[in-house]
Amino acid sequence: MEHRIVGPGPYRATKLWNETVELFRAKMPLRKHRCRFKSYEHCFTAAEAVDWLHELLRCSQNFGPEVTRKQTVQLLKKFLKNHVIEDIKGKWGQEDFEDNGHLYRFPSSSPLKPYPKRPPYRKDVIKFPEWNDPPPGTSQENIPVRPVVMNSEMWYKRHSIAIGEVPACRLVCRRQLTEANVEEIWKSMTLSYLQKILGLDSLEEVLDVKLVNSKFIIHNVYSVSKQGVVILDDKSKELPHWVLSAMKCLANWPNCSDLKQPMYSGFEKDVFKTIADYYGHLKEPLLTFHLFDAFVSVLGLLQKEKMAIEAFQICCLLLPPENRRKLQLLMKMMARICLNKEMPPLCDGFGTRTLMVQTFSRCILCSKDDVDLDELLAARLVTFLMDNSQEILKVPLALQTSIEERVAHLRRVQIKYPGADMDITVSAPSFCRQISPEEFEYQRAYGSQEPLAALLEEIITDAKLSSKEKKKKLKQFQKSYPEVYQERFPTPESEALLFPEKPKPKPQLLMWALKNPFQPFQRTRSFRM
8 MEHRIVGPGP
18 YRATKLWNET
28 VELFRAKMPL
38 RKHRCRFKSY
48 EHCFTAAEAV
58 DWLHELLRCS
68 QNFGPEVTRK
78 QTVQLLKKFL
88 KNHVIEDIKG
98 KWGQEDFEDN
108 GHLYRFPSSS
118 PLKPYPKRPP
128 YRKDVIKFPE
138 WNDPPPGTSQ
148 ENIPVRPVVM
158 NSEMWYKRHS
168 IAIGEVPACR
178 LVCRRQLTEA
188 NVEEIWKSMT
198 LSYLQKILGL
208 DSLEEVLDVK
218 LVNSKFIIHN
228 VYSVSKQGVV
238 ILDDKSKELP
248 HWVLSAMKCL
258 ANWPNCSDLK
268 QPMYSGFEKD
278 VFKTIADYYG
288 HLKEPLLTFH
298 LFDAFVSVLG
308 LLQKEKMAIE
318 AFQICCLLLP
328 PENRRKLQLL
338 MKMMARICLN
348 KEMPPLCDGF
358 GTRTLMVQTF
368 SRCILCSKDD
378 VDLDELLAAR
388 LVTFLMDNSQ
398 EILKVPLALQ
408 TSIEERVAHL
418 RRVQIKYPGA
428 DMDITVSAPS
438 FCRQISPEEF
448 EYQRAYGSQE
458 PLAALLEEII
468 TDAKLSSKEK
478 KKKLKQFQKS
488 YPEVYQERFP
498 TPESEALLFP
508 EKPKPKPQLL
518 MWALKNPFQP
528 FQRTRSFRM
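Letter 99 of the sequence shown, counting from 1, is numbered 106 in the numbering used here, and no numbers are missing.
Structure representation (C-alpha cells):
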C-alpha cells in the first residue's frame, strides 16, 4: 500500500481523490462471504473496508497518522454516495454506510473525478503601474517600438558617473501614486510571492485572481493590535459578545485553587459546546470556498516546513479581515486549551488535541464539492495550524518590507542628466521582430562592449587632456570595465606605449652653492696641550 506524495499545484484535491479511489479498488482484499444463507463472491464487509482504508490513509504522507476511524467512515460514505462502492444488491447513492458487517463490492468501474477544463496556458507577468500607462480601457495592441541608436558621445554621457565625472542634473517629480496604484502593487506582489513559493507557472488554476481583494491584504497588514490580531472597522462583523466571553473563559481556564472556578461539574463542556455550535453554523468556512484549492495546494509543501509556513502566511493575508480575526482568536483558544494541564477532559472518548481538530476542522476548511477528501485535508491543515499558529497568523515581514520599498521607490523623484533624453538618432517607428539564438548571443556579448571600446578610444586620443587627467580617467575606466580595458591593453607593455618615459637630464653641479670654493684648506689649531 503506497501512496505517492502529491505536491503543490492545481487540482491537488482531485488528484488525491482519484489516487485514493484507484488504490482502494486495486489493493482492497476481496473474498467470499455468506449472508442469509447465500454466498457472495469478491466482496468485503464494511468493517473490513474501514480497517484497510484507515491503515492506508494513516500511512500516507498526504494525510498523516492522525486520521481517525470516524473520518475513514465519512470517506466511505462519500464512496458509496458517488458509486465508488455498492452493496451486494447493487444499491448505492441513497444508502448510508456504517461501520458494521454489511457486505459491499466494487462496481464494474468506479467513476473518477474529472479534472476541470484547463484554460489556455498563459505565462503570468506581474505588471506594476508605470507613469506612461494609458488610461484603463485604452487598447495597447501594436504599439510601435522606437529603437535607440547610441553613439559614443551619448554613451559617455550615460556612463559619466562610472568614469568619474558627474554632470549637472535636475530633479523631475513623478506623477503621484493613487490609492488604486498602491492597492494594485500590494495585490500583484503578494500573488507573485505566493506563485514563486508554490513553484507554479500561473495561479489561475489554484485561485481566481480576480476575486482577490487588495483592500483585504492591506487591512490585514496594518490594522492589527499589539498582539497581532486584526482590528475590524465594522464592529457588526465582530464575534458575538457571548461567544467571545466563552472563548476567553476556556482560554484562561483558572487553576483549581482559584476562587472563580465554576461550582458545578461539566461547566467547561457546556462552554465548549457553545463555541462549537457557533462555529459549526457558519455559512462559509473561515478559509472561504474561494481559497480552498490554494490552501490544499500549500498542504503539498508540508515536507518543507519553512516554505509551507511562508505560503500559509500569504494565503491567510488574502482572507476577509473578519475571517482572519475569527481564525486568529479560535487558534489562540485551541492552542491554550491543548497546553493547559489543568483543563478537565472536554470529551470522554477523545483526547483534547484530537477533539479540537475534529470539532473545528470543518468550520476552518471545507469544499463545496461533495466529491472531495475535505475532512481529511482539513484535519491535516488544522493540525499544522495548531503547531505553527503564531508564525502562520502573523504578517510576513519580508513581503511587507519588499512592497513598502517598491512603493517608496515609485514615489521618489527622478534624476535627469543633460542629454539623457536628447542626441538620440530615432529611425522610423518599427515593431519588435524575432531574432535567432545566435544573433541574441552575439548582441548580448558585443552589443554593450562596442560603445565602451569607442569611448575608451576617445579618452586615449583626446589631445585636450593632460597626461595626469588621462591616466586618472583610464584608471577609473579600468576599474569599471576591466574586460574592455584588458582587450585594448592586453599586456603592460602595450599600456606603457601610451605614456613613453621622457629621458631625465643629468643634474648640474651648482658651484654657487659652495662657500669660497677656491679657498685653500687650513688646518685648525689643536687644543691639546
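The beta-carbon is built from N, C-alpha and C at its ideal position, and this holds for glycine as well. On a predicted model such as this, the values are computed, not experimentally measured, just so you know.
Can you tell me whether residue i is buried or exposed? The criterion is at least 16 other CB atoms within 10 Å of its CB, across all chains shown.
i: E490; result: exposed
i: Y111; result: buried
i: H226; result: buried
i: G108; result: exposed
i: L351; result: Going by the sequence as given, residue 351 is Pro instead of Leu. Answer is exposed; the Cβ neighbour count stays below 16.
i: G307; result: buried
i: T3; result: No information on residue 3 is available, as it lies outside the stretch 8 to 536 that the chain covers here.
i: Y271; result: exposed
i: V433; result: Residue confidence for V433 is low, a pLDDT of 37 falling below 50, so the modelled location carries little weight and cannot support an answer.
i: Y18; result: buried
i: P444; result: exposed
i: F223; result: buried
i: H248; result: exposed
i: F299; result: buried
i: C256; result: buried
i: N69; result: buried
By Cβ distance below 8 Å, which residues in the same chain neighbour residue i in space, the five residues on each side in sequence not counted?
i: A460; result: V491, E494, R495
i: V364; result: E73, A386, V389, T390, M393
i: H297; result: L214, D215, L218
i: V305; result: P15, L205, A315, A318, F319, C322
Does residue i come out as helix, strand or coil in the three-state DSSP assignment?
i: F44; result: coil
i: E148; result: Note that E148 has pLDDT 42, beneath the 50 cutoff, so the model's placement of it is unreliable and the number below is only indicative. Correct three-state label for E148: coil.
i: F296; result: coil
i: I12; result: coil
i: K39; result: strand
i: F528; result: Note on F528: pLDDT 49, under 50, position unreliable in the model; the coordinate value appears next. Coil, per DSSP.
i: D94; result: strand
i: C354; result: coil
i: H49; result: strand
i: L110; result: strand
i: C263; result: For C263, the predicted model reports a pLDDT of 48, less than 50, meaning its position is unreliable and no value from the coordinates is stated.
i: V231; result: strand
i: R153; result: Because the pLDDT of R153 is 46, which lies under 50, any placement of that residue in the model is unreliable, and the question is left without a value.
i: L23; result: helix
i: V237; result: strand
i: K85; result: helix
i: N69; result: coil
i: T75; result: coil
i: C373; result: coil
i: F104; result: coil
i: E411; result: helix
i: S116; result: coil
i: G394; result: According to the sequence as given, residue 394 is Asp; it is not Gly. If DSSP states are grouped into helix, strand and coil, D394 belongs with the helices.
i: D469; result: coil
i: V303; result: helix
i: H5; result: Since the first residue shown for the chain is 8 and the last is 536, residue 5 is missing from the structure and cannot be characterised.
Closest to residue i by CA distance: which of the options is it?
i: S537; options: L293, S304, P328, L214; result: The first residue shown for the chain is 8 and the last is 536, placing residue 537 beyond what the model contains.
i: S4; options: L337, V250, E382; result: Absent from the model: residue 4. The displayed extent of the chain is 8 to 536, so no value can be given.
i: R288; options: V250, F274, C323; result: Just to set this straight, residue 288 is His in the shown sequence, not Arg. The residue with the shortest Cα to Cα distance from H288 is V250.
i: Q485; options: L472, E502, S473, D469; result: E502
i: K333; options: L417, S409, L239; result: L239
i: T408; options: V228, G100, G206; result: V228
i: F302; options: M340, E464, L201, T366; result: L201
i: K607; options: D469, E446, F506, L406; result: Absent from the structure is residue 607, since the part of the chain shown begins at 8 and ends at 536.
i: G100; options: F86, D106, H248; result: F86
i: Y286; options: Y47, N330, G235, Q183; result: N330
i: G235; options: L404, H49, A470, L184; result: L404
i: T21; options: T295, C322, L384; result: L384
i: R32; options: I95, G71, P114, E62; result: P114
i: L23; options: K477, H49, P121, E398; result: P121
i: L326; options: F357, L293, G358, M341; result: L293
i: I467; options: P497, S487, E446, L505; result: L505
i: I95; options: K482, S199, K39, S221; result: K39
Taking 7 Å as the limit between beta carbons, can you name the residues of its chain near residue i, skipping five residues before and five after?
i: L119; result: N25, V28
i: D376; result: none
i: A253; result: V278, T281, I282
i: C354; result: L362
Quick one: is residue i near chain C, going by C-beta distance under 8 Å?
i: C354; result: No chain C appears in the structure shown, which is made up of a single protein chain.
If you drop the 5 nearest sequence neighbours on each side, which residues of the same chain put their C-beta closer than 6 Å to that of residue i?
i: V402; result: V228
Any heavy atom of the ligand MG within a distance shorter than 7 Å of the CB on residue i?
i: L504; result: Absence of the ligand MG is noted for the structure shown, with no ligands found whatsoever.
Original post:
Counting pairs of Cβ atoms below 8 Å between the segment 366-373 and the segment 48-61, do you hit three or more?
Top reply: Fewer than three pairs of CB atoms, one per stretch, sit closer than 8 Å, so the segment 366-373 makes no contact with the segment 48-61.
Subject >> Three or more C-beta pairs below 8 Å linking the segment 346-356 and the segment 77-97 >> reply: no
Original post:
Given 8 Å as the limit, is there contact between the segment 236-252 and the segment 206-221, that is, 3 or more CB pairs closer than that?
Top reply: no
Original post:
How about the segment 298-318 and the segment 276-287: do they share at least three Cβ pairs that are nearer than 8 Å?
Top reply: no
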